[in-house]
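Enquirer: Going line by line, the protein sequences match chains Z and D.
Residue numbers for the first sequence follow UniProt numbering, so the first one is 1 and each next one is one higher.
Residue numbers for the second sequence follow UniProt numbering, so the first one is 1 and each next one is one higher.
Glycine residues also receive a C-beta, built at the ideal position from the N, C-alpha and C atoms.
A quick note: this is a predicted structure, and the numbers were derived from the prediction, not measured.
Number of protein chains: 2
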Amino acid sequence: MTPQDGPAGAGRGDTVASVVRQWHRTRPDLDTGPIEIVGRITRCAALLQQTEDAPLRRAGLSRAEYDVLCALRRMDRELTPGDLARETFSSGAAVTKRLKRLTEAGLVARRVDTRDRRVAHVSLTEEGRAHVDAVLPAQLAFERGVLGGLAESDAQELGQRLAELLQLLEGSLGGPRPAAF
Amino acid sequence: MTPQDGPAGAGRGDTVASVVRQWHRTRPDLDTGPIEIVGRITRCAALLQQTEDAPLRRAGLSRAEYDVLCALRRMDRELTPGDLARETFSSGAAVTKRLKRLTEAGLVARRVDTRDRRVAHVSLTEEGRAHVDAVLPAQLAFERGVLGGLAESDAQELGQRLAELLQLLEGSLGGPRPAAF
DNA sequence: CGAAGATATTTTCCTGGTAAAACACCTGTT
DNA sequence: AACAGGTGTTTTACCAGGAAAATATCTTCG
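Have a look at this one:
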């Protein structure tokens, strides 16, 4: 069996580099530039998702539940389900399900708006606040550890380039507009 | 209502920048560095996922199906379901389901291995090959368009930094090892 | 040869997400 | 006051994915 490109070749780089090399061989006419970015972002996101799930699991939270708790914590006020949907970039149905679970766990509380009975106001319970205040630093420390292998200047650079890209994507794709005013 | 941070403030940057500012106000003790990278990668991935779904939809393919077709195309040989699972970073169950759909659509064909009846060999049909050969450049052009707002040098820089991060993640997290040898 | 251990793939079961529909409620107009 | 249009949230129906179990098959060992 002839050696073929694999991601693990000595000094051959990341898997996307390997994929790009395969395309060059199979379809040399293709502009693979987008793959270098899109493919890597997708792969990095997937791997980071795996890692961040592990510490949260210890705390009995899914990533999605954590996101809800964080939104409530960082905005530091009551939010409606609609607010939460916008803050977490998800659908109303997803938020409803998450809130059901979080309410049952005693981490969030809800009350109906006095002036508009369609609206619910959601807040962290004491327990919920304590929970997220405990989990948050652990999670961030974990992520810091994962990123630790990057030189600080490279990490800064990466953050900046990603910010540019994100701004571009949010601008050109009608990015979300959370209700923050 | 006092103005509060939102992602859309004039010149206030991307949503993650806004989130980070909220954390600085609410929990100034936190090291938000990881959010600058992890948060942005996650958001970029989500937004890019939305965009790449739109062109593929015109071609009647989901992202997952496209990935399978691409793996077959770029490796340019028959692959087993296990190969495909590794190449697309998914589970065997997911591959089984995708192959079912693609087989029904006449885009891939399968045959049982002659020496080991557990093993199936999957290949693109003529139609499948033509399909992916048509969709691929359109998809890449679309992605190139989306990334076009980035200065070329910034895009290069981003690709490189992402490659470093991906290599790090794949190394430290026991990254995947597709069967490419 | 038979049994144990391993492996490739599929099936089963469950989870969590989304789009659309449903429901309740609000606002503005006549 | 009645009605139309709009809105916030939940419910419904469906989908795709993964983990674990199931099934079929292979390899090795005594």
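(1) Could you give the DSSP three-state label for S123(Z): helix, strand or coil?
(2) With the cut-off set at 8 Å, would you say T80(Z) and A109(Z) are in Cβ contact?
(3) If you check the beta carbons only, do D154(Z) and E127(D) fall under 8 Å apart?
(4) Quick check on the burial criterion: 16 or more other C-beta atoms within 10 angstroms. Buried or exposed for P28(D)?
(5) Return the chain-ordered list of same chain residues with a C-beta closer than 6 Å to the C-beta of A46(Z), the five sequence neighbours on each side being excluded.
(6) Can you give the beta carbon distance from A71(Z) to L84(Z), rounded, assuming they're within the 8 Å contact cut?
(7) Decide yes or no for the touch test of the region 136-145 of chain D against the region 89-106 of chain D: beta carbon pairs closer than 8 Å, at least 3 of them.
(8) Taking all protein chains shown into account, decide if residue 197(D) is buried (16 or more other Cβ within 10 angstroms of its Cβ) or exposed.
(9) Note the first and the last residue of the continuous alpha helix (DSSP H) segment covering R112(D).
(10) How is E79(Z) classed by DSSP in three states: helix, strand or coil?
(11) What whole-angstrom Cβ distance do E78(D) and S123(D) have, given they're in contact under 8 Å?
(12) Report the three-state DSSP secondary structure of G128(Z) (helix, strand or coil).
(13) Nearest CA to the CA of G159(Z): which residue from H24(D), R21(D), I41(D), R25(D)?
(14) Just to confirm my understanding: we take R129(D), look at its own chain, exclude 5 residues before and 5 after, and list those with CB closer than 8 Å. What are they?
(15) Whose CA, out of A151(Z), H131(Z), G171(Z), L168(Z), lies closest to the CA of L56(Z)?
(16) From the beta carbon of E104(Z), is the nearest beta carbon of chain D less than 8 Å away?
(17) Would you decide whether T114(Z) is buried or exposed? Buried here means 16 or more other CB atoms lie within 10 Å of its CB.
(18) For G171(D), is the classification buried or exposed, using 16 other Cβ atoms within 10 angstroms of its Cβ as the cut-off for buried?
Expert: In brief:
(1) It is a strand residue.
(2) Not a contact, by the Cβ cut-off of 8 Å.
(3) A distance of 8 Å or more separates the beta carbons of D154(Z) and E127(D).
(4) Per the 10 Å Cβ criterion, exposed.
(5) Counting only Cβ-Cβ distances below 6 Å, and skipping sequence neighbours, we find nothing.
(6) The C-beta separation of A71(Z) from L84(Z) comes to about 6 Å, placing the pair in contact by the 8 Å criterion.
(7) Two segments are said to touch when three or more pairs of C-beta atoms, one from each, lie closer than 8 Å; by this definition the region 136-145 of chain D does not touch the region 89-106 of chain D.
(8) No information on residue 197(D) is available, as it lies outside the stretch 1 to 181 that chain D covers here.
(9) Checking the sequence shown, residue 112(D) turns out to be Val, not Arg. For V112(D), no alpha helix (DSSP H) run applies; the uninterrupted beta strand (DSSP E) run containing it begins and ends at 108-112, by DSSP.
(10) With the sequence shown as reference, residue 79(Z) is identified as Leu, and Glu is not the correct amino acid for it. Three-state result, L79(Z): strand.
(11) Taking 8 Å as the upper bound for CB-CB distance, E78(D) and S123(D) are in contact here, some 5 Å apart.
(12) G128(Z): helix per DSSP, three-state reduction.
(13) Ranking H24(D), R21(D), I41(D), R25(D) by Cα distance to G159(Z) puts I41(D) first.
(14) Result list for R129(D): R73, in chain order.
(15) Proximity to L56(Z) across A151(Z), H131(Z), G171(Z), L168(Z) peaks at H131(Z), based on C-alpha coordinates.
(16) No, E104(Z) lies away from the interface with chain D (no Cβ there is under 8 Å from its Cβ).
(17) With fewer than 16 Cβ atoms within 10 Å of its Cβ, T114(Z) is classed as exposed.
(18) Exposed, by the Cβ-count rule.
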